[in-house]
Amino acid sequence: MSELHGKTIIITGSSRGVGADTAQILAEQGANIVINYRSKAPRAEKIVAAIEEKGGKAIAVGADITNEGDARNLVDTAVQEFGGVDYLILNASGGMEKGMVEDYAMILNRDSQLRLARLTAEHMPEGARIVFVTSHQAHFIREVETMEEYTPVALSKRAGEDALLEEIPALQEKGISLVVISADMIEGTVTASLLNRLHPGALEARREEAGKLYTVNEFAHEVAKMVTADVETGHTELVGGGTGFIK
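To convert, take the position in the sequence shown, counting from 1, and add 4; that gives the numbering used here.
Right, dumping it as structure tokens:
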């Protein structure tokens, strides 16, 4: 029996892409999955249905994590439905959307991540874990420049990572660990596709330099592994290495 059997996992931004695939991978290991989406309920319900068809347990909870009330409801619903939260995967990110409030990237990628981590930690048992999902372009933004359009997102995600790392002492008091997982550009993601449209050939160039870019599903498997990986709190997993970023 999987060590995740009966455990409850909230995955933000999990109605599509890496989050959706991660949800299904972990559900197959027996975990109760809380699918979080901002506005596309049918897409989230489709993931729930796919999990349930294979005998898994999942619910979909609409919540804009930049809204404190929504964030609280996300956690409260998970607790009410499954009795608690054992793992939180902070997968949701953004900042390139048009028409959002000023400083939206920082609000989403730093402030909201930290608040949700704190809200969830109130209901997590000893041995629980928070996983923060990021990109090499963000993780190494202070050492390596990225495309201009992505820079505000990268800076805000790095700020979010730093804020969470600073939270480690408080989390350790509760017996909760925090790990970071970072990947290069991911084949098939919205962000990678958008950047490639803005800079034709950027994806191919990065692929050649790195030797390989992970697909959505491949990266999702790596994220799923970090939930129970035998690593110390504060560990950063560089998926695929850091060619071109580590000097």
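C-beta: ideal position from N, C-alpha, C; glycine also. Note that this is a predicted model, so its numbers are computed, not measured.
Original post:
Per DSSP, which one or two residues make a beta bridge with R133?
Top reply: Numbered from 1 along the sequence shown, position 129 holds the residue referred to as residue 133. In DSSP, R133 forms a bridge with Y91 and S181.
**OP:** Would you grab the beta carbon distance between I39 and A48 for me? Rounded to a whole angstrom, and I think it's under 8 Å.
**Re:** Numbered from 1 along the sequence shown, position 35 holds the residue referred to as residue 39. Numbered from 1 along the sequence shown, position 44 holds the residue referred to as residue 48. That pair is a contact at about 5 Å.
**OP:** Return the chain-ordered ranges of every beta strand (DSSP E) run that is complete within the segment 146-192 and spans a minimum of 3 residues.
**Re:** With a minimum length of 3 residues, the continuous beta strand (DSSP E) runs that stay inside the segment 146-192 are 181-187.
**OP:** Tell me where the alpha helix (DSSP H) around G73 begins and ends.
**Re:** The sequence position of residue 73 within the sequence shown is 69, counting from 1. Taken as a continuous stretch (DSSP letters only), the alpha helix (DSSP H) holding G73 covers E72 to F86.
**OP:** Take T219 as the anchor and find which of F249, T193 and G59 has the nearest alpha-carbon.
**Re:** Taking the first residue of the sequence shown as 1, we reach residue 219 at position 215. Closest by alpha carbon: T193.
**OP:** Please state whether DSSP places I14 in a helix, a strand or coil.
**Re:** For the purposes of this step, residue 14 is taken as the residue at position 10 of the sequence shown. It is a strand residue.
Original post:
Alpha carbon to alpha carbon, how far is G179 from E130?
Top reply: Along the sequence shown, read from residue 1 onward, the residue named residue 179 stands at position 175. Along the sequence shown, read from residue 1 onward, the residue named residue 130 stands at position 126. Each residue's alpha carbon lies about 4 Å from the other.
**OP:** Report buried or exposed for Q28, applying the criterion of at least 16 other Cβ atoms within 10 angstroms of its Cβ.
**Re:** Reading the sequence shown from its first residue, position 24 is the one you call residue 28. Result: buried.
**OP:** Would you list the one or two residues that DSSP bridges to G66?
**Re:** Start at 1 with the first residue of the sequence shown, and residue 66 comes out as number 62. Y41, per the DSSP bridge assignment.
Original post:
Exposed or buried, which one is E165 when buried takes at least 16 other CB atoms within 10 Å?
Top reply: Taking the sequence shown and counting its residues from 1, one reaches residue 165 at position 161. Burial call: buried.
**OP:** Taking only the alpha-carbon atoms, compute the straight-line gap between S160 and T138 and give it to the nearest angstrom.
**Re:** Residue 160 sits at position 156 when you count from the first residue of the sequence shown. Residue 138 sits at position 134 when you count from the first residue of the sequence shown. Their Cα atoms are separated by approximately 11 Å.
**OP:** Decide yes or no for the touch test of the segment 187-204 against the segment 139-159: beta carbon pairs closer than 8 Å, at least 3 of them.
**Re:** yes
Original post:
Going along the chain, which residues of its own chain have a beta-carbon closer than 7 Å to the beta-carbon of D25, five neighbours each way excluded?
Top reply: The residue given as residue 25 occupies position 21 in the sequence shown. Result list for D25: V220, N221 and A224, in chain order.
Original post:
Helix, strand or coil: which one does DSSP assign to K102?
Top reply: Sequence index remark: in the sequence shown, residue 102 carries index 98 (1-based). K102 falls in the coil class under three-state DSSP.
Original post:
Do you know whose CA, among D115, A125 and A206, lies nearest R162's CA?
Top reply: As a first step, residue 162 is located in the sequence shown; it is residue number 158 there, counting from the start. Nearest option by C-alpha distance: D115.
**OP:** Using three-state DSSP, classify E126 as helix, strand or coil.
**Re:** The residue labelled residue 126 in the question sits at position 122 within the sequence shown. Coil, per DSSP.
Original post:
Using 8 Å as the threshold, is the segment 93-100 in touch with the segment 73-80, meaning 3 or more CB pairs across them?
Top reply: no
Subject >> Touching by the beta-carbon criterion (3+ pairs, under 8 Å), the segment 52-72 and the segment 101-117 >> reply: yes
Original post:
What is the DSSP secondary structure of L242, counted as helix, strand or coil?
Top reply: The residue labelled residue 242 in the question sits at position 238 within the sequence shown. Here L242 sits in strand by DSSP.
**OP:** Look at I51 and A35 and say whether their C-beta atoms are less than 9 Å apart.
**Re:** Looking up residue 51 in the sequence shown gives position 47. Looking up residue 35 in the sequence shown gives position 31. Not a contact, by the Cβ cut-off of 9 Å.
Original post:
Mapping DSSP to helix, strand and coil, what is T247?
Top reply: Reading the sequence shown from its first residue, position 243 is the one you call residue 247. The answer is coil: DSSP assigns T247 none of H, G, I, E or B.
**OP:** Report all residues from its chain with a CB closer than 8 Å to the CB of L112; omit the five preceding and five following residues, and keep chain order.
**Re:** By one-based count along the sequence shown, residue 112 stands at place 108. I69, T70, A96, S97, G98, G99 and S160, listed in sequence order.
**OP:** Count the C-beta pairs between the segment 239-249 and the segment 172-189 that are closer than 8 Å, then say yes if the count reaches three, no if not.
**Re:** yes
Original post:
What do you get for V243, buried or exposed, if any count of 16 or more other CB atoms within 10 angstroms of its CB means buried?
Top reply: As a first step, residue 243 must be located in the sequence shown, where it is residue number 239. Buried, since its Cβ has 16 or more Cβ neighbours within 10 Å.
Subject >> Enclosing alpha helix (DSSP H) for Q28 [first to last residue] >> reply: Looking up residue 28 in the sequence shown gives position 24. Start and end: G21 to A31.
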